[in-house]
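Novice: Just so you know, the protein sequences line up as chains A and B, in that order.
FYI, our numbering numbers position 29 of the first sequence as 129, with every residue one higher than the one before it.
FYI, our numbering numbers position 160 of the second sequence as 168, with every residue one higher than the one before it.
Think of the CB as a built atom: it goes at the ideal place given N, C-alpha and C, for glycine as much as any other residue.
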Amino acid sequence: MTKDLENTDLLRRLVAAVALGDRAAFRKLYDATSAKLFGFALRILRKDELAEEAVQEAFVSIWHAASGYQAHLAAPLTWMATIVRNKALDILRRQDDTVELDAEQFDRDMMLAIQDPAAGPHDRLQMSDEARALAHCMGTLESRQRQAIGMAYFHELSHSEVAQQLSLPIGTIKTWIRRGLDKLKNCLAKRELA
Amino acid sequence: MNIRNNPVLREKLAAEYVVGTLKGGARRRFEHWLTADAALRAAVVEWQDRLLPVAEWSRTPAPPARVWDGIERRLGFARAARWWEFWRIDGARVWGGLAVGAGTAAVLLAVVLAGRQQEPLLQQVATLTDEKAQTALVVAADARHGRIDVRVADTVKVPDDRTLQLWAITTAGKTRSLGILPDNRHASLRLDQRAVGADVMLLAISLEPKGGSPNPEAPTGPVLYKGAWVRL
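1) Would you mind telling me which residues of chain B sit closer than 8 Å to H236(A), beta carbon to beta carbon, in chain order?
2) Who are the near neighbours of A135(A) in its chain, counting only those whose CB is closer than 8 Å to its CB and skipping five residues on each side?
3) Check whether the region 12-19 of chain B touches the region 258-275 of chain A, taking contact to mean three or more Cβ pairs, one atom from each stretch, closer than 8 Å.
4) So with Cβ pairs under 7 Å, would you call E204(A) a contact of chain B?
5) I want to see whether chain A comes within less than 7 Å of E139(B), judged by CB atoms only; does it?
6) Contact defined as beta carbons within less than 8 Å: I believe R184(B) pairs with A203(B). What is the distance between those atoms, to the nearest angstrom?
7) Which residues of the region 266-278 of chain A have a Cβ closer than 7 Å to any Cβ of chain B? Give them in chain order.
8) Quick one: which chain A residues come within Cβ less than 9 Å of S2(B)?
9) Could you check whether the region 153-167 of chain A touches the region 21-36 of chain B, counting it as contact only if at least three pairs of C-beta atoms, one from each stretch, sit closer than 8 Å?
10) For T163(B) and T29(B), what's the separation of their Cα atoms in angstroms?
11) I need the straight-line Cα distance from K283(A) to I249(A), nearest angstrom please.
12) Mapping the DSSP letters down to three states, classify L172(B) as helix, strand or coil.
13) Determine the contact status of P227(B) and F138(A), defining contact as a CB-CB distance below 7 Å.
14) Counting only C-beta atoms, is A181(A) closer than 7 Å to chain B at any point?
15) Please tell me whether D109(A) has its Cβ less than 7 Å away from any Cβ of chain B.
16) Please compile the residues from chain A whose C-beta is within a distance smaller than 7 Å of the C-beta of A63(B).
17) Check whether chain A comes within 7 Å of G78(B), counting only Cβ atoms and requiring the distance to be less than that.
18) Closer than 8 Å, Cβ to any Cβ of chain A: which residues of the region 150-174 of chain B, in chain order?
19) Check the C-beta distance from L210(B) over to G229(B) and give it rounded, since I have them as a contact under 8 Å.
20) Leaving out five residues on either side along the sequence, give the residues of the same chain with a beta carbon under 7 Å from the beta carbon of M251(A).
21) Quick one: which chain B residues come within Cβ less than 8 Å of E256(A)?
22) For Q117(A), collect the residues of the same chain with a Cβ closer than 7 Å to its Cβ; drop the 5 residues on either side in sequence, then sort them by chain order.
23) Please go through the same chain and pick out, in chain order, the residues whose beta-carbon is closer than 7 Å to the beta-carbon of C287(A), but skip the five residues on each side of it.
24) Starting from R82(B), find everything on chain A with Cβ-Cβ shorter than 7 Å and list it in chain order.
25) Considering only C-alpha positions, which residue in the set R37(B), P128(B), F38(B), A141(B) is nearest to I79(B)?
26) With a threshold of 7 Å between beta carbons, is P71(B) in contact with chain A?
27) Express the C-alpha separation of Y169(A) and A44(B) in angstroms, rounding to a whole number.
28) Rounded to the nearest angstrom, what separates V147(B) and L212(A) at their Cα positions?
29) My output table needs one value for P128(B): the three-state DSSP class, helix, strand or coil.
30) Locate the alpha helix (DSSP H) running through P15(B), then write down its first and last residues.
31) Under DSSP, the alpha helix (DSSP H) around G83(A) begins and ends at which residues?
32) So I191(A) and A154(A) are in contact, right, with Cβ under 8 Å, and what is the actual spacing, rounded?
33) Just mark E39(B) as buried or exposed, buried being the case when its beta carbon has 16 or more other beta carbons within 10 Å.
34) Do G121(A) and the ligand NAD come close, with the Cβ less than 6 Å from some heavy atom?
35) Can you confirm whether A117(A), when its beta carbon is compared against all beta carbons of chain B, has any partner nearer than 7 Å?
36) Counting contacts by CB-CB distance shorter than 7 Å, is T183(B) in contact with chain A?
This is the structure:
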């Protein structure tokens, strides 16, 4: 946990320096976060070329928007990931073909994130407690529930689009997503208290 | 509708807003409430905080170096202008409203095409760069004359037995040939509106055998330069 706090603090200071136009700090911020953000964009867009474009557009926005970043509202990485997600979804909307969610990969990554430390000490060191907690709690959902949430979140699908993709009635999907999110929230709250 | 006194609904809407299932009019209405409701904004941020750590699950390596180069280029951090990049040195400010790359291409093309009787109607432009973000070509679609003008920077050297070929790459990742550059220096290609339509995201140049790629659908040689295709 201490490590996470140090990281968040470092990122916060870097964003503050970027707000003042510090290019070296901007480079450090990029080095510290681009792999995660690229991975995030890749999960939405599935193609390297498009994910690279999303990361570029996002960092251009981050440079310009850094002075408006409100530290008390969101952690720096959350703020940056929101920007990346918006850029990636913009690009996704411009696609001809629908990009499908790779539910298996999503589950594999989740399992890796939950796994015990011996499995991948290097990766785990880079992962925050929040990311591990999210993986644990996602793991408590039913796999189709998780898939429905993933489709909505990563591909901006509506309830009816998710229903269509999974060949299920829309009412079922609405209930699944709502219950899934409730369960996720409760699980995360418990982990925080623990 | 008043949602201030309905904590269950507030929470449900905040979650759906972040997940993305809140659509259309309901989404706009929610965004309107957000502007005047700090507690609702906080609920949204909480949901973002819950879900965004998913970004960390990925085992992807760092993005390739060209991503950073592209960021620097777009922000105009690039190194000092080379002697032949006269359009970088001054005058470019008047194009400030455009993306840096588009401005660069447009200024150059405006100069290149200035001798013509009728001014070109620039519809789209692209600045194609190599992996070190050095500008290698500029391409502009001139809707008035129905041509695509391509100019190659002097620094680009092409072996005698090879030809540069221009491709359009769609958002779906498909490639379409726009033509070859017979002398590898400049070309005026026919503008096929369909070939450079709204679905085209990037232009790219590949190095092909004399006469162009044996496969009309895709490059066979290495892709040397590429750049975003920007609508003006």
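Specialist: On the basis of the coordinates in this document:
1) Result: empty, since nearest Cβ-Cβ is about 11 Å, beyond 8 Å.
2) Residues of the same chain with their beta carbon placed closer than 8 Å to that of A135(A) are lacking, with the five preceding and five following residues left out of the count.
3) Counting Cβ pairs under 8 Å, fewer than three are found: no touch.
4) In terms of beta-carbon proximity, E204(A) stays away from the interface with chain B, with every pair separated by 7 Å or more.
5) So, not an interface residue.
6) Beta-carbon to beta-carbon, R184(B) and A203(B) are separated by about 5 Å, close enough to satisfy the 8 Å threshold.
7) Per Cβ criterion, the list reads I277, R278.
8) Lying outside 9 to 240, the shown extent of chain B, residue 2(B) is not represented and no answer is given.
9) Too few Cβ pairs lie closer than 8 Å, so no.
10) About 51 Å.
11) In this structure, the CA atom of K283(A) is about 12 Å from the CA atom of I249(A).
12) Of the three classes helix, strand and coil, the one that applies to L172(B) here is strand, per DSSP.
13) The answer is no: Cβ separation not under 7 Å.
14) Yes, its Cβ sits closer than 7 Å to a Cβ of chain B.
15) Cβ-Cβ to chain B under 7 Å: no for D109(A).
16) At a C-beta separation below 7 Å, A63(B) has these neighbours in chain A: K136, L137, G139, F140, A181.
17) The Cβ of G78(B) sits closer than 7 Å to at least one Cβ of chain A.
18) Going along the region 150-174 of chain B in chain order, one finds no residue with a Cβ nearer than 8 Å to chain A.
19) In fact, because the Cβ distance is near 17 Å, the residues do not count as touching under 8 Å.
20) L201, L257, V262, Q265, listed in sequence order.
21) Around E256(A), the beta-carbon contacts reaching into chain B at under 8 Å are G28.
22) One point to set straight first is that residue 117(A) is Ala, not Gln, in the sequence displayed. Cβ neighbours of A117(A) beyond the five flanking positions: A125.
23) So the qualifying residues of the chain are C237, T240.
24) For R82(B), the chain A residues whose Cβ falls inside 7 Å of its Cβ are Q156, V160, in order along the chain.
25) Closest by alpha carbon: A141(B).
26) Yes, contact with chain A.
27) The straight-line gap separating the alpha-carbon atoms of A44(B) and Y169(A) is approximately 19 Å.
28) Their backbone Cα atoms lie some 46 Å apart in a straight line.
29) Coil at P128(B), not helix or strand.
30) Element bounds for P15(B): 15-27.
31) Only positions 101 to 294 of chain A appear in the structure, and residue 83(A) is not among them; the question remains open.
32) Contact check for I191(A) and A154(A): beta-carbon distance about 6 Å, within the 8 Å limit, so the pair qualifies.
33) Around the beta carbon of E39(B), a 10 Å sphere encloses fewer than 16 other beta carbons of the protein chains shown; the residue is thus reported as exposed.
34) What this structure holds is no ligand at all, so the ligand NAD is not there to describe.
35) With 7 Å as the cut-off, A117(A) does not count as an interface residue toward chain B.
36) At least 7 Å separates the CB of T183(B) from every CB of chain A.
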